[in-house]
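In our numbering, the protein residues as written are 13 to 177.
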């Protein structure tokens, strides 16, 4: 029997034990063959000693070409592992803590994005996967007429981040 930890029984204290600045390289790969490496930094700090709000600042690139995303991680219901990533422009992304991973899934325009972030030892592993809907006609063998939508993989972004000293 496999046991998956719930938010309440998780062995790590998220987001408190993720505090700090994490740096590494993000690999950005697409199905059309594009591949690039981009420096990435993730900064997580409590806001004004408030245990319910943390900075979630992500920086991609360096110098004049860097892109900074100043988001906040908000504790919605820590007992059930529910968090919100507040993009500070009215966009609120639900995120879920389960089995020592933070998950989110959301749609932008017609694209589906799925993320996972996990701390393993002294590293944070981050992955964002982007899908595009692909219409699939029902098959003749289908007994039930259930709405079904298939998605085509478009992009995978992954990074392994280490704490900055």
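No residue lacks a Cβ here, since even glycine has one placed at the ideal position from N, Cα and C.
Small disclaimer: the values here were computed from a predicted structure and weren't measured.
Per the C-alpha coordinates, the member of 51, 56, 117 and 84 positioned closest to residue 78 is 51. Going by DSSP, residue 99 is part of no beta strand (DSSP E) at all; its letter is neither H nor E.
Just so you know, the alpha carbons of residue 37 and residue 134 end up roughly 15 Å apart. Looking at the DSSP output, residue 86 shares a beta bridge with 65 and 96. In this chain, the beta strand (DSSP E) harbouring residue 128 covers 123-132.
Non-local C-beta neighbours of residue 121 in its own chain, meaning closer than 8 Å and more than five positions away in sequence, are absent.
The Cβ atoms of residue 170 and residue 138 lie closer than 8 Å to each other. The C-beta of residue 95 has 16 or more other C-beta atoms within 10 Å across all chains shown, which makes the residue buried.
Between the alpha carbons of residue 97 and residue 45 lies a distance of about 30 Å. In this structure, residue 143 and residue 124 form a Cβ contact; the two beta carbons are roughly 4 Å apart against a cut-off of 8 Å.
One alpha carbon belongs to residue 27, the other to residue 68, and they sit about 10 Å apart.
When secondary structure is reduced to three states using DSSP, residue 48 falls in the strand class.
Residue environment: residue 81 is assigned as exposed (fewer than 16 neighbouring CB atoms within 10 Å of its CB, all protein chains considered). Using a 10 angstroms sphere on the CB of residue 59, the tally of other CB atoms stays under 16, which defines it as exposed. In the structure shown, residue 172 falls within a strand segment according to DSSP collapsed to helix, strand and coil. The three-state reading of DSSP puts residue 77 in helix, counting H, G and I together.
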